[in-house]
Amino acid sequence: MADKEKKKKKKKKESILDLSKYIDKAILVKFQGGHEASGILKGFDPLLNLVLDGTMEYMRDPNDQYKLSEDTRQLGLVVCRGTSVVLICPQDGMEAIPNPFIQQQDV
Numbered sequence: 001m002a003d004k005e006k007k008k009k010k011k012k013k014e015s016i017l018d019l020s021k022y023i024d025k026a027i028l029v030k031f032q033g034g035h036e037a038s039g040i041l042k043g044f045d046p047l048l049n050l051v052l053d054g055t056m057e058y059m060r061d062p063n064d065q066y067k068l069s070e071d072t073r074q075l076g077l078v079v080c081r082g083t084s085v086v087l088i089c090p091q092d093g094m095e096a097i098p099n100p101f102i103q104q105q106d107v
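Heads up: the sequence shown begins at 1 in UniProt numbering, then just goes up one per residue.
Set out below in structure tokens:
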């Protein structure tokens, strides 16, 4: 009986990132294996599966896998699997925050 009550009260898993503030905004996503893509974030879930619209993939230089070439490929609407996402970065710019590891001195 107690097990059933625990299952009912089980909390919903929360995502480690709050991507809701980036909905309908341009983001850059880097994947395992070196692929990169940018697009408009349309949706996400707690496992970081992403839905991007107007997606553009940036191609790698065939001679140097660490360099991006000028070539791009238009993909359109894409579902990105969360297990392969390495980095998510907003394209509108970044917000500077104070360093949380430095103790603030009283002046």
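Glycine is no exception: its CB is placed at the ideal position from the N, C-alpha and C atoms.
Cutoff 7 Å; reference residue i; Cβ partners in own chain excluding five residues on either side
| i | result |
| --- | --- |
| S69 | M59, R60 and D61 |
| D71 | M59 |
| P90 | Y22, K25 and I27 |
Closest by C-alpha distance to residue i, when choosing among the options
| i | options | result |
| --- | --- | --- |
| G34 | I23, R73, V78 and V86 | V86 |
| L48 | V79, P100 and E95 | V79 |
| I16 | D24, I88, A37 and F31 | I88 |
| P46 | R81, P98 and K67 | R81 |
Beta-carbon gap between residue i and residue j smaller than 7 Å
| i | j | result |
| --- | --- | --- |
| residue 121 | L28 | The first residue shown for the chain is 1 and the last is 107, placing residue 121 beyond what the model contains. |
| R73 | E95 | no |
| Y22 | L41 | yes |
Whole-number beta carbon distance between residue j and residue i, since they are thought to touch under 8 Å
| i | j | result |
| --- | --- | --- |
| G39 | L19 | Not a contact, Cβ separation roughly 13 Å. |
| D92 | A26 | 6 Å |
| S84 | F44 | About 14 Å separates the two Cβ atoms, so there is no contact after all. |
Contacting residues, own chain, Cβ-Cβ under 6 Å from residue i (five flanking each side not counted)
| i | result |
| --- | --- |
| L77 | D53 |
| V107 | With a pLDDT of 49 at V107, under the threshold of 50, the predicted position of this residue should be treated as unreliable, and no value is reported. |
| K67 | D61 |
Contacting residues, own chain, Cβ-Cβ under 8 Å from residue i (five flanking each side not counted)
| i | result |
| --- | --- |
| D24 | I40, L41 and K42 |
Could I get the ranges of all uninterrupted beta strand (DSSP E) runs contained in the stretch 10–56, with 3 residues as the minimum, in chain order? 26–31 and 36–44
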